[in-house]
């Protein structure tokens, strides 16, 4: 089992550019959540995708958007990059089980985005 | 809204000493609670979790945590620190109800001194 994979591992962009990050969930998982972890801080929830739709969203501007594909993989897109978008972006996958109080999330290694 | 407070952004212990990392949460309803560890340049690894049942939870690498509802706490302990325990530790809550997102604390960097 490959676990959660993310690509690329590192990325350098300049202000105003756009970036796309990719995530493949753990085998058998159908839900992908994205988190932003700024340096020295805990991860913050961006949004979650299930059945190819955004189900929940954290306190992030519309510059952050995403997509989930039929194979459950997901992309995170960030437009008009700002210096403050520099962070480690973590993807987590889980399996939505009806009636279960929680769904354990498995994290990928992250993509380190640097905005210059 | 749920929140998590980790007391002490940096904790140093000697090898072989007790490790105690503190976590308090705010919630009107007991949430599900987690501790994650993050090694440099890596993602998050689940150490242990509390969902229901026994309030003392044992995890990997000799770590354990106790859920204390009256104190709204979920402190992480390990009787004897090892050099390999040096990492950043995050406490997180998964609120009960329909929300399905983890809320993390700001993290505690653990240093183990030889």
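Protein chains in written order, with the numbering used here: chain A, 2 to 117; chain B, 1216 to 1329. We treat Cβ as the ideally placed atom computed from N, Cα and C, and that holds for glycine. As the structure is a prediction and not an experimental result, all values here were calculated from the model.
Discussion item. DSSP three-state label for residue 1286 of chain B, please.
Written reply: As a working note, residue 1286 of chain B is residue 71 in the second chain. It is helical.
Discussion item. Restricting to Cα atoms, I'd like to know which of A:39, A:42 and A:33 is closest to residue 7 of chain A.
Written reply: For the purposes of this step, residue 7 of chain A is taken as residue 6 along the first chain, with counting starting at 1. Closest by alpha carbon: A:33.
Worksheet entry | Every unbroken beta strand (DSSP E) within the stretch 72 to 100 of chain A, with a cutoff of 3 residues, ordered by chain | 75 to 79 and 88 to 95
Worksheet item: By Cβ distance, which residues of its chain are closer than 8 Å to residue 4 of chain A, with the 5 residues on each side in sequence left out?
Response: The sequence position of residue 4 of chain A within the first chain is 3, counting from 1. If we look at residue 4 of chain A and ignore the five residues flanking it on each side, its Cβ neighbours are 27, 107 and 109.
Discussion item. Can you confirm whether residue 110 of chain A, when its beta carbon is compared against all beta carbons of chain B, has any partner nearer than 8 Å?
Written reply: The residue labelled residue 110 of chain A in the question sits at position 109 within the first chain. With 8 Å as the cut-off, residue 110 of chain A counts as an interface residue toward chain B.
Discussion item. Helix, strand or coil for residue 1258 of chain B? Go by DSSP, reduced to three states.
Written reply: As a working note, residue 1258 of chain B is residue 43 in the second chain. Secondary structure of residue 1258 of chain B (DSSP, three-state): coil.
Item to complete: Can you give me the Cβ contacts of residue 96 of chain A inside the same chain, cut-off strictly under 8 Å, excluding the 5 residues immediately before and after it?
Response: For the purposes of this step, residue 96 of chain A is taken as residue 95 along the first chain, with counting starting at 1. 29, 30, 31, 32 and 104.
Worksheet item: Could you give the C-beta distance for residue 1218 of chain B and residue 1318 of chain B, rounded to a whole number, given that I count them as a contact under 8 Å?
Response: Reading the second chain from its first residue, position 3 is the one you call residue 1218 of chain B. Reading the second chain from its first residue, position 103 is the one you call residue 1318 of chain B. Indeed, because the Cβ distance is near 7 Å, the residues count as touching under 8 Å.
Item to complete: Quick one: grab the DSSP three-state call for residue 1274 of chain B.
Response: By one-based count along the second chain, residue 1274 of chain B stands at place 59. Note: residue 1274 of chain B maps to coil in three-state DSSP.
Worksheet item: Beta-carbon separation of residue 1259 of chain B and residue 1278 of chain B under 8 Å?
Response: Reading the second chain from its first residue, position 44 is the one you call residue 1259 of chain B. Reading the second chain from its first residue, position 63 is the one you call residue 1278 of chain B. No, the Cβ-Cβ distance between residue 1259 of chain B and residue 1278 of chain B is not below 8 Å.
Worksheet item: Given that a residue counts as buried once 16 or more other Cβ atoms are within 10 Å of its Cβ, and exposed if not, what is residue 70 of chain A?
Response: Your numbering for residue 70 of chain A matches position 69 in the first chain. With fewer than 16 other Cβ atoms within 10 Å, it is exposed.
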